[in-house]
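Residue numbers (this note's numbering): 58 to 219. Beta carbons are placed, not taken as given, at the ideal position from N, Cα and C, and that holds for glycine.
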């Protein structure tokens, strides 16, 4: 985990660190055990990122702590690589999710968490929490565009399940 480009590892589980842009968005994606299990299977195999339009390679599936996640993103004629490492992963009867942190070469630095919860009333929610800051010269110059891209990606991620 020493290659991560930020020091606040695990902070998406609680209070988000200052000095970063914060994202916290959630959506109810359906109801019941079947929806939860299918969504969790998809989540742990990279389907959320693929369905949102990223090319993704996982060093192991289902992903777990230490899995390397290599994403390739296209924005018009521009292409970016976004390497990450899974820093938290958990799957229980009512909760499933993972968080990955940025590695050198990623346009941003920070962490993003994807969480599913099967509530007592049967609702299944999908939560995304992130903190990020520009990690490269071009993302520092284009920070406002970067926030728009992040907002667009978060919305796309939330729409992928179930």
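* Asked: Could you give the distance in angstroms between the alpha-carbon of residue 175 and the alpha-carbon of residue 161?
  -> Residue 175 sits at position 118 when you count from the first residue of the chain shown. Residue 161 sits at position 104 when you count from the first residue of the chain shown. If you take the alpha carbons of residue 175 and residue 161, they lie about 35 Å apart.
* Asked: Which residues share a DSSP beta bridge with residue 140?
  -> On the chain shown, position 83 is the one that residue 140 refers to. Under DSSP, residue 140 forms a beta bridge with 127.
* **Span of the alpha helix (DSSP H), counted from its first residue to its last, around residue 49** => With the chain covering 58 to 219 only, the question about residue 49 has no answer from this structure.
* To do: Return the chain-ordered list of same chain residues with a C-beta closer than 7 Å to the C-beta of residue 221, the five sequence neighbours on each side being excluded.
  => Any property of residue 221 remains undetermined from this structure, which presents the chain solely from 58 to 219.
* To do: Within the same chain, show all residues whose beta-carbon is closer than 6 Å to that of residue 184, passing over the 5 residues directly before and after it, in chain order.
  => For the purposes of this step, residue 184 is taken as the residue at position 127 of the chain shown. So the qualifying residues of the chain are 83 and 172.
* Cβ-Cβ separation, residue 140 to residue 125 (assumed contact under 8 Å), whole Å -> Position 68 of the chain shown, counting from 1, holds the residue named residue 125. Position 83 of the chain shown, counting from 1, holds the residue named residue 140. Indeed, because the Cβ distance is near 7 Å, the residues count as touching under 8 Å.
* Mind checking which residues open and close the alpha helix (DSSP H) that includes residue 72? => Position 15 of the chain shown, counted from the first residue, corresponds to residue 72. Element bounds for residue 72: n/a, residue is neither H nor E.
* Asked: Span of the alpha helix (DSSP H) holding residue 115?
  -> As a position in the chain shown, residue 115 is number 58, starting the count at 1. Element bounds for residue 115: not the alpha helix (DSSP H) but the beta strand (DSSP E), 112-115.
* Taking all protein chains shown into account, do 16 or more other C-beta atoms lie within 10 angstroms of the C-beta of residue 156, making it buried, or fewer, making it exposed? -> Sequence index remark: in the chain shown, residue 156 carries index 99 (1-based). Looking at its Cβ environment, which holds 16 or more other Cβ atoms inside 10 Å, residue 156 is buried.
* C-beta atoms of residue 218 and residue 99 nearer than 8 Å -> As a first step, residue 218 must be located in the chain shown, where it is residue number 161. As a first step, residue 99 must be located in the chain shown, where it is residue number 42. For residue 218 and residue 99, yes; Cβs fall inside 8 Å.
* Asked: On the premise that residue 66 lies in contact with residue 207, defined as a C-beta separation below 8 Å, what is that separation, rounded to the nearest angstrom?
  -> Walking along the chain shown from the start, residue 207 turns up at place 150. Walking along the chain shown from the start, residue 66 turns up at place 9. Residue 66 and residue 207 do not touch by the CB rule: their CB atoms are close to 20 Å apart, not below 8 Å.
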